[in-house]
Every structure is written in C-alpha cells, then in structure tokens.
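Colleague:
Numbering (our numbering), first residue to last: 11 to 337.
1) Mind checking whether residue 260 and residue 216 have CB atoms under 9 Å apart?
2) Mind checking residue 80: buried by the 16 CB within 10 Å criterion, or exposed?
3) If we define contact as Cβ-Cβ less than 9 Å, is residue 74 a contact residue for chain B?
4) Within its chain, find whatever has a CB closer than 6 Å to the CB of residue 204; leave out the 5 residues flanking it on each side and keep chain order.
5) Give me the Cα-Cα distance between residue 243 and residue 321, rounded to the nearest whole angstrom.
6) Reducing DSSP to helix, strand and coil, say where residue 279 ends up.
7) Scan the stretch 244-318 and note each continuous beta strand (DSSP E) run of 3 residues or more that stays entirely inside, going in chain order.
8) So, with DSSP's three-state summary, where would you put residue 44?
9) Note down the Cα distance separating residue 63 from residue 36, rounded to an integer number of angstroms.
10) What number of angstroms, rounded off, separates the C-alpha of residue 230 from the C-alpha of residue 43?
11) Is residue 326 helix, strand or coil when you go by DSSP?
12) Quick one: measure Cβ to Cβ for residue 162 and residue 280, integer angstroms, because I've assumed they're closer than 8 Å.
13) Any chance the stretch 308-318 sits against the stretch 268-287, with 3 or more Cβ pairs inside 8 Å?
14) Out of 301, 277, 213, which has the shortest C-alpha to C-alpha gap to residue 50?
15) Provide the residue(s) that pair with residue 156 in DSSP beta bridges, ordered along the chain.
16) Can you name the start and end residues of the beta strand (DSSP E) that residue 217 belongs to?
17) With burial defined as no fewer than 16 other Cβ atoms inside 10 Å of the residue's Cβ, what is the status of residue 122: buried or exposed?
18) Would you call residue 297 buried or exposed, if buried means 16 or more other Cβ atoms sit within 10 Å of its Cβ?
19) Starting from the C-beta of residue 98, find all residues in its chain whose C-beta is less than 6 Å away, skip the five residues before and the five after it, and write them out in chain order.
20) State the start and end residues of the unbroken alpha helix (DSSP H) segment that holds residue 188.
21) Is the beta carbon of residue 65 closer than 9 Å to that of residue 56?
22) Are the CB atoms of residue 76 and residue 26 within a distance shorter than 9 Å?
23) With DSSP collapsed to three states, give me the class of residue 77.
24) What do you reckon, are the CB atoms on residue 157 and residue 147 nearer than 9 Å?
25) Is it right to say residue 222 is buried, meaning 16 or more other beta carbons lie within 10 angstroms of its own, or is it exposed?
26) Report the CB separation of residue 140 from residue 179 in whole angstroms; it is logged as a contact under 8 Å.
27) How many whole angstroms separate the CB atoms of residue 28 and residue 47, which I take to be in contact at a CB cut-off of 8 Å?
28) Using a Cβ-Cβ cutoff of less than 8 Å, which residues in the same chain neighbour residue 177 once the five nearest sequence positions on both sides are dropped?
29) DSSP on residue 227, reduced to helix/strand/coil?
30) Rounded to whole angstroms, what's the CA-CA distance from residue 52 to residue 237? Just pull it up for me.
31) Just mark residue 193 as buried or exposed, buried being the case when its beta carbon has 16 or more other beta carbons within 10 Å.
32) Compare the C-alpha of residue 253 against each of 268, 324, 160, 224 and name the closest.
33) At what residues does the beta strand (DSSP E) containing residue 59 begin and finish?
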C-alpha cells in the first residue's frame with residue numbers, strides 16, 4: 011500500500027476496527043462525531059468528514075489530518091512507513107496477507123444508499139457499542155469458577171491480575187459483567203466468563219498491557235497474545251510473578267505497539283508465545299523480521315496445542331503436574 015491508497019481508506023472503518031463507535035452522524039452520514047480516541051471525555055470533540063473523495067479528521071483538543079496522520083498520532087508512530095504497515099495489517103483479509111486493501115471512494119459505512127452494507131456493518135459494531143461503568147476486584151463466583159474450572163486458572167492469580175468489569179451495551183441499555191485486564195492506556199481488555207459465548211472486546215481504549223518483572227535487572231521480554239496465555243504460563247511454571255517483563259498484546263493488531271515498547275527497553279532477548287495457527291505463525295515471522303537473533307519463538311514448546319491455555323487444560327485433564335513446564 012502506498013500513501014495515496016492509504017489516504018483513500020475509510021477512517022470510520024478503521025475506527026470501528028479499533029473499537030470506536032460514532033456518537034452521532036451529520037450531513038447525511040458524511041460527517042461522524044466520536045469521543046476522542048486520544049483521551050477520556052464525556053462530549054464528542056473528534057469528528058471525521060468525507061471531503062474530496064477522502065476521509066479527514068479534526069480534534070478540538072489535538073489537530074487533524076488524513077488517515078495516515080491519524081494512525082501516526084493514535085499509534086504513536088514516527089514514520090509513514092510504519093503507519094502504512096499498520097494499515098496493511100488492519101485492512102487486509104488475512105492479518106499479514108499480501109492482498110492490497112480496497113480503498114473507499116464514498117462513505118459506504120454510513121451511506122443510506124447502501125442499506126444492506128450498513129446493516130452488515132451495524133451487526134459488526136453492535137458488540138462494540140459498549141460503555142465502561144466500573145472495575146473492581148473480582149468477587150463474583152461465576153467468574154472465579156469459570157476461570158478455575160474451565161481455564162484452570164486459580165483464584166489467587168485471577169484476583170491478582172484481573173478485575174471484574176461492568177459495562178453497558180448502548181444499543182440495548184443492558185448492563186453486563188466480564189473479567190478484564192487493564193491496559194497501558196487506562197482501558198480494559200475484557201472477556202465474558204462463558205465457554206458458550208466467546209465474546210471479548212475493549213472498553214475505553216485499546217492498548218497492550220505491560221507487567222514489569224520483579225528482578226532488579228530485566229533483560230528478557232515475554233510476549234503473550236492474550237491474558238489467559240499469560241496466566242496459563244504462570245500456572246505452568248509454578249510462578250505467581252515473572253522475573254522479567256511480560257507484554258500482553260490482547261490482539262495481533264497491537265503488533266506495532268508491542269514492537270515500540272520492546273525497542274524502547276533494549277531487551278537482550280524477546281520470547282514470543284503466539285498461537286500455533288496461521289495468524290500466530292505469521293505474527294512470529296513479523297517479530298523475527300523486527301528483532302532477528304534476539305527473537306526466540308516458543309510456540310513449539312506447547313505444540314501441538316493451539317495456545318498455552320490449551321496445554322494447561324490438557325495437562326489437567328490427564329492429571330499431569332503443571333509446574334514441570336520449562337522453556
């Protein structure tokens with residue numbers, strides 16, 4: 011993707027992928043207003059407009075610009091090349107596919123002339139129209155029993171690293187609860203305590219979570235795809251805290267944020283524990299391209315299982331001890 015192609019991408023589509031929904035729309039859907047993606051606010055000050063065949067944005071508390079400018083600001087990137095790489099990842103059908111993204115030449119996302127398309131997008135956005143209510147220590151037995159019985163994560167670890175999060179679906183007005191982990195932006199990555207409904211999302215803001223190690227000198231970064239992977243690793247190794255830093259991505263789309271943090275810390279070794287599937291393998295290759303010889307992929311240590319939690323559950327079902335797991 012080049013810069014001109016990127017500037018023609020739909021900014022509302024990108025905002026939806028990042029978990030942001032418009033508060034109101036004006037000018038027949040050609041102008042959409044949001045609560046700012048850059049900070050916490052009650053009233054929307056961020057808006058995007060479709061002008062001259064392109065989406066542009068303005069923020070009363072910040073600045074404005076094109077889709078590229080937005081990505082550089084929102085992802086804290088310093089080069090256009092990194093912004094284009096991020097957009098490639100977000101808009102291609104496969105996370106790291108080589109297929110070129112399809113630019114938007116009109117605001118299809120909220121075009122009344124494309125009703126079928128709009129309904130499909132609204133179904134996609136329904137679960138993302140969520141409002142954070144509060145977070146507190148986990149007290150609900152339903153959450154603790156799900157984590158212990160279904161995920162084999164003990165209450166002591168769950169209550170140390172997770173919180174009970176209440177949120178509201180703005181489309182229905184109903185309140186729900188989930189377990190979640192706070193991220194670096196002050197938002198929460200949440201997951202419903204249910205083996206039947208595999209729903210997960212983000213509230214307030216999306217970001218990675220960094221859990222500092224307790225060693226005086228921390229030379230290794232452990233990169234996990236999700237919060238249950240991190241907690242499963244603790245159970246498998248018989249630890250309640252890592253000596254080195256842990257980075258929980260929560261989503262492979264947080265690749266650039268994880269890379270930025272790793273670069274800023276000058277780690278000597280980077281260990282990745284991404285899923286043993288195509289997306290995870292491609293993500294591992296991207297980390298290899300960034301960090302070369304210091305990157306040590308750990309997927310083979312829990313193969314043929316899909317992820318660390320699958321390995322943990324398999325061991326518990328076979329009544330094998332967990333704490334002899336070593337990497």
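All C-beta atoms, glycine included, are put in the ideal place defined by N, C-alpha and C.
Keep in mind that this is a model prediction, so the values were computed, not measured.
Modeller: Let me spell this out:
1) yes
2) buried
3) In the structure shown, chain B cannot be found, because there is only a single protein chain.
4) none
5) 10 Å
6) In this structure, DSSP gives residue 279 an extended state, which the three-state scheme calls strand.
7) 255-258, 279-283, 305-307
8) Of the three classes helix, strand and coil, the one that applies to residue 44 here is strand, per DSSP.
9) Straight-line spacing of the CA atoms in residue 63 and residue 36 works out to 17 Å.
10) 42 Å
11) helix
12) Rounded, the Cβ-Cβ distance is 27 Å, inconsistent with contact.
13) yes
14) Selected option, being the one with the closest Cα: 213.
15) The partner list for residue 156 (beta bridge, DSSP) is empty, contrary to what the question assumes.
16) No beta strand (DSSP E) contains residue 217, which DSSP labels as neither H nor E.
17) With a pLDDT of 27 at residue 122, under the threshold of 50, the modelled position of this residue cannot be trusted, and the question is left open.
18) buried
19) 11
20) Annotation: residue 188 is outside any alpha helix (DSSP H); the continuous beta strand (DSSP E) that includes it extends over 185-192.
21) no
22) no
23) helix
24) no
25) The residue in question, residue 222, is exposed, as its Cβ has fewer than 16 Cβ neighbours within 10 Å.
26) 6 Å
27) That belief holds up - the Cβ atoms of residue 28 and residue 47 are roughly 7 Å apart, short of 8 Å.
28) Excluding residues within five positions, the ones whose Cβ falls inside 8 Å are 140, 141, 142, 143, 185, 186, 187, 188, 200, 213.
29) coil
30) 29 Å
31) Buried is the label assigned to residue 193, since at least 16 other Cβ atoms lie within 10 Å of its Cβ.
32) 224
33) 56-61
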